[in-house]
Amino acid sequence: MANFILELSNFGDVAVYQVKWGEPLTQYLENKGVPSWSMYNRISPGGSLLARTNYPMPAMDTTIRATGKRFSARPIMYYIDIDTGETFYQQQINSNVGATLNLSSNVEGYDFINFAGQPQGVRQFIVSDSDIWVYFKKKAYNVAFITDSDIPDSHTMVPYKSSVTTLVPTNMTPYVTKKTDEHGINYVFTGWYDNAATSGNPVDFSNVTVPAGGLVYYAGWTKEYVEVTVHRDTTLDKDDKDKYVLLVSSGNNVLNTDNKYAQVDADGHSKKDENNSPIVDNSKTFNGKLDVNDKTNYDGTTLEPIWYKLVNGRLEKANLADEIIDPGTILVPVWEYKTKTVVYNANGGSQPPATEDLEFMRNVIIAEQGEMAAPSQEYVFTGWNTQANGSGKTYRPKDLLGFNQFSGDSLTLYAQWRKNPDYDFATVTYNPNGGNGSVVSKHHKTNSPIYIRNQGYSRPGYNLIGWSTKEGAKEGDEQYATGAKIPVNNQTLYAVWTEKLAADVVNPNILTDKTDAGDKVVVTPNKENAMMRPSAVANGLSVDSNGHLVGQADVKDWSGNQDEERNFNLSVTIVLQVTRPNGNSTNETITVNVPVTIQRDTDGDSIPDVDDSDDDNDGLPDDKDKNPKSKDAEGPVITADDKTVTEKTPFEVPISVTDNDDPDAKVTDVSGLPEGVTYDSNSGKISGSAGQESWTGDSDEVHTYPVTLKATDGSGNESTKEITITVQRDSDGDGEPDVTDPDDDNDGLPDDKDNSPKSKDTEGPVITADDKTVTEKTPFEVPISVTDNDDPDAKVTDVSGLPEGVMYDSDSGKISGSADQETWNDDSDEVHTYPVMLKATDGSGNESTKEITIMVQRDTDSDGTPDVDDSDDDNDGLPDNKDKHPKDQDTEAPVGNTSVEKALRPNDTAQSHHVINRSSSETNLPKTGDSNNYLPLVGVFFLLSALTFFATGKRKEDDEEEDVF
1 MANFILELSN FGDVAVYQVK WGEPLTQYLE NKGVPSWSMY NRISPGGSLL ARTNYPMPAM
61 DTTIRATGKR FSARPIMYYI DIDTGETFYQ QQINSNVGAT LNLSSNVEGY DFINFAGQPQ
121 GVRQFIVSDS DIWVYFKKKA YNVAFITDSD IPDSHTMVPY KSSVTTLVPT NMTPYVTKKT
181 DEHGINYVFT GWYDNAATSG NPVDFSNVTV PAGGLVYYAG WTKEYVEVTV HRDTTLDKDD
241 KDKYVLLVSS GNNVLNTDNK YAQVDADGHS KKDENNSPIV DNSKTFNGKL DVNDKTNYDG
301 TTLEPIWYKL VNGRLEKANL ADEIIDPGTI LVPVWEYKTK TVVYNANGGS QPPATEDLEF
361 MRNVIIAEQG EMAAPSQEYV FTGWNTQANG SGKTYRPKDL LGFNQFSGDS LTLYAQWRKN
421 PDYDFATVTY NPNGGNGSVV SKHHKTNSPI YIRNQGYSRP GYNLIGWSTK EGAKEGDEQY
481 ATGAKIPVNN QTLYAVWTEK LAADVVNPNI LTDKTDAGDK VVVTPNKENA MMRPSAVANG
541 LSVDSNGHLV GQADVKDWSG NQDEERNFNL SVTIVLQVTR PNGNSTNETI TVNVPVTIQR
601 DTDGDSIPDV DDSDDDNDGL PDDKDKNPKS KDAEGPVITA DDKTVTEKTP FEVPISVTDN
661 DDPDAKVTDV SGLPEGVTYD SNSGKISGSA GQESWTGDSD EVHTYPVTLK ATDGSGNEST
721 KEITITVQRD SDGDGEPDVT DPDDDNDGLP DDKDNSPKSK DTEGPVITAD DKTVTEKTPF
781 EVPISVTDND DPDAKVTDVS GLPEGVMYDS DSGKISGSAD QETWNDDSDE VHTYPVMLKA
841 TDGSGNESTK EITIMVQRDT DSDGTPDVDD SDDDNDGLPD NKDKHPKDQD TEAPVGNTSV
901 EKALRPNDTA QSHHVINRSS SETNLPKTGD SNNYLPLVGV FFLLSALTFF ATGKRKEDDE
961 EEDVF
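Residue numbers (the UniProt record's numbering): 1 to 965.
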């Protein structure tokens, strides 16, 4: 990962570091006594204030400077696993109230979901003094086990930081699992390694969890050592001085320098480690040559051994260049010394003894005359000499001749003869009659007694029981026993042979454990008179005196899963005693071994385990059964946890199944799941989202589902486990369950004020108010009421279109006042209509409007009766239907005295409207007599009044014009 330059400026104190991309800057920024830091680089050339000190190092050179800016908000941000509710990280944020917090960086191993109360995926948040909760979901990563063998690789997707222990393949066991490559070389599995080269030590999975990016493990294989025991001498001893053990890698020969010495114990056997593997002796290095005891030839040179393999008690010549395949190979050295020969020369006679080989440091017995014939009957054999004329060294028959007693490779001995002056001899000839040996002629004085002697004859498988003069003599023809005294005459004695005691033994004898032998004949002597002694009982079986195998096979000490056959021998002793009056009596005793194989039958189904694909008959094939000899009666163990989830939010519940026998035991049924949630047998997980819940009322916020998990192993054993999936209602789908959400329906109205907290309020309030017809200048009220399906505090927020002088009081909830500022256009203008718009808003922001009409009726004379109902609008006494100016009160007198009229209107008629209440004045004048008598007085009064009003009226006109200006 690349490094970048970090320049850190702490109020003038500058330090420069090389920092890896993505490394948290905590160690560089924390505990520096700095109120805040600002970061500058090509992305933020103007600087950006850091909200946290663990900000990851950008992938560019960066400068960070200390600032004096202090933050108004320092909330704690809690990072929550949405599936488990676990707080897996928390940090303090340095910011200001109202600032926008942008969660720009990713969290290793997690996917961002949302801020509490925010829509999913929105990474910005407005900062306040309150702590912040942000939700994440663990990513899933692949954990792979690469076997490098015929065993399939394992790939499993699991959540971040999951334990790896349960994922390790159970079908591969270190130092037990083996493989063979295409060249026939055997390897043994050593464990799992975290590198493709499988170097270092195998991984200990006890505390390993899945990191971001996943894991890959590689199977380690090493060539399987084949143990070869090498003896240093032909004489086989049992201690470590006589032998050593070579560890030959599979496919190598015994001379390969890659071979190793094994550590051996006092008996010369290899020491084993805890995996039952031989321990290498690293103190010695094999040089490619087998170490033996030196052997010196007669000439002083060192002899090279010839190597043999010890096979079933016999030696077979070995080729050291051959690959070592079979474990337990035993190599034995054999030396071939230079041999000398002793040659016998009849020296005029015939049929000398055969030439004999004399091995190094051995002796040879000088031969007797044997069948060697003299040159003629008058000659008698006297011995041997190294010279034909007898001038050399003399040797007598049966003398010992040593290897070093003569020089050269060969010694010739010449027969020495002398004439018998008293020759009167008869010849007794011994014939082996089918036995080993030569015809031997013996010369004896005629009629002198001799004792019959065996001339060294032998015959494999036969006993010599006497002699007969009958050529081709057989048992029953014997006339003389060996050692019998007979008179000498010229005759030939033929050896008589009888077959030695032997027995035919039946092989093989294979029985299934716990089955009867069946009285099978397994031993048959070759002699009718032979007697058998019953064998001892072994594993429930024996051979009786008739040679029958009897009993019931019963092995009580089977051990381990590989122990499937018990091979043993039943030893039977056979005795034969024969007395022969004319021959040699025989007394023979032999012991024969009857080989017996008992094959294990674990389940007693009469099919031996070696042929039975399901030894314990538990329904689980042996190749998948961890304990093939023990019937699986235990169900699998199901591991799964309860889960509390928010409805409509995806979740997973991993389920693992382990079994004491069956590595393939699996979940076979899952019931009781919420709608929208399923079990996937491939991933081994319950997953989905509970998006189809039916909630019955506002208090119904949690549904509990007892989920039953059923698992079955290959033996048909079932186990169940019940877990609880708790689904929490989320009315507004914001990811926060209603049980903790202060506003379940997210309508802006807190639940404690919301009449329907589960239903988002989309309806505006209902406004109740009536139209109103009022008389101008008369106070009135219009009550307004507001009701809302959710918000009891919904209220009127705006009233518009009211007449002047009328207003809305929010405290009383009424429109009130009097319309006293109406401007009327003409006499026909008697009604003004006001469309009044009422607006109300509830706590969810829903608005409603209502229009009412306030109708203001003109009241010209302010008598409280609107003009539309008043017969005299101006109250001048003249009914409207007769009044030319019904809206102006009539104050002019009728036309009569011109002078008075003129006096009242000195400036023509322009000021006539200033004369008011004329009729009324007339009406109110006292009637004291004839009105004509008072006419002048009346005229004067009106004149004065007119002048006075004129002056007053004139001043009023002047004021109005000023106002207008």
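Cβ atoms here follow ideal geometry from the backbone N, Cα and C, with glycine treated the same way.
Going by DSSP, what residues sit across from residue i in a beta bridge?
| i | result |
| --- | --- |
| Y261 | L246 |
| S410 | T341 |
| F71 | Per DSSP, none; premise fails for F71. |
| M532 | I574 |
| N593 | S571 |
| L331 | V230 and K309 |
| E274 | Answer is none; E274 lacks a bridge partner. |
| G220 | G191 |
| G402 | N363 |
| G540 | DSSP, once it has assigned bridges, lists no residue as partnering G540. |
Which same chain residues, not among the five before or five after residue i, have their C-beta less than 6 angstroms away from its C-beta?
| i | result |
| --- | --- |
| residue 973 | Coverage of the chain is limited to positions 1 through 965, which leaves residue 973 absent and any answer about it impossible. |
| T909 | For T909, the predicted structure reports a pLDDT of 38, less than 50, and the residue's modelled location is therefore unreliable. A value from the coordinates is still provided. Hits under 6 angstroms: none found. |
| Y834 | G801, P803 and I854 |
| K626 | D661 |
| K887 | D827, T860, D873 and D874 |
| Y808 | V799 and I815 |
| G676 | G688, S689, A690, G691 and Q692 |
Check for me: the alpha helix (DSSP H) holding residue i runs from which residue to which?
| i | result |
| --- | --- |
| Y480 | Here Y480 belongs to no alpha helix (DSSP H), and DSSP marks it neither H nor E. |
On the premise that residue j lies in contact with residue i, defined as a C-beta separation below 8 angstroms, what is that separation, rounded to the nearest angstrom?
| i | j | result |
| --- | --- | --- |
| D761 | D842 | 6 angstroms |
| M532 | V521 | So it is not a contact: roughly 11 angstroms between Cβ atoms. |
| N569 | P595 | 6 angstroms |
| L501 | I590 | 5 angstroms |
| V134 | F115 | 5 angstroms |
| V280 | L247 | 6 angstroms |
| T230 | Y244 | Residue 230 is actually Val in this sequence, not Thr. Rounded, the Cβ-Cβ distance is 6 angstroms, consistent with contact. |
| D713 | D632 | 6 angstroms |
| Q351 | E371 | 5 angstroms |
| K710 | D664 | Not a contact, Cβ separation roughly 16 angstroms. |
| T382 | Q416 | 5 angstroms |
| D131 | P75 | 5 angstroms |
| K445 | V488 | 6 angstroms |
Between which residues of its own chain and residue i is the CB-CB distance below 7 angstroms, once the five residues before and five after are set aside?
| i | result |
| --- | --- |
| T704 | T724 and T726 |
| N746 | D732, D734 and K760 |
| residue 966 | Since the first and last residues shown for the chain are 1 and 965, residue 966 lies out of range. |
| I185 | K223, S250 and G251 |
| F406 | none |
| E961 | Residue confidence is low: E961 scores 27 on pLDDT, short of 50, so the model does not pin down where it sits. Its coordinate-derived value is still stated next. None. |
| S48 | S38 and M39 |
| N54 | P24, L25, T26 and Q91 |
| N10 | K32, V34 and A66 |
Which residue comes first and which comes last in the beta strand (DSSP E) that contains residue i?
| i | result |
| --- | --- |
| N420 | Per DSSP, N420 belongs to no beta strand (DSSP E) and is neither H nor E. |
| K850 | E847 to Q857 |
| residue 967 | There is simply no residue 967 to check, as the chain begins at 1 and stops at 965 in what is shown. |
| R314 | R314 to K317 |
| P449 | P449 to Y451 |
| G348 | Neither: G348 is in no beta strand (DSSP E) and is coded neither H nor E. |
| P835 | V831 to T841 |
| L101 | T100 to N102 |
| E781 | F780 to P783 |
Residues in its own chain within less than 8 angstroms of residue i by CB, not counting five upstream and five downstream?
| i | result |
| --- | --- |
| N3 | Q18, V19, K20 and W21 |
| K648 | S689, A690, G691, D730 and G733 |
| K514 | Q552, A553, D554, D601 and G604 |
| D642 | I723, T724, I725 and T726 |
Say whether chain B places a C-beta atom closer than 8 angstroms to the C-beta of residue i.
| i | result |
| --- | --- |
| T84 | Going by chain labels, chain B is absent from the structure shown, which holds only one protein chain. |
Give a single yes or no on whether residue i has its beta carbon closer than 7 angstroms to a heavy atom of the ligand HEM.
| i | result |
| --- | --- |
| D601 | As presented, the structure is devoid of all ligands, the ligand HEM included, so that no description of it is given. |
Start-end ranges of the beta strand (DSSP E) lying completely within the segment 29-68, minimum 3 residues: 36-40 and 62-67
In chain order, each beta strand (DSSP E) run of at least 3 residues that lies wholly inside the segment 670-704: 677-680 and 685-688
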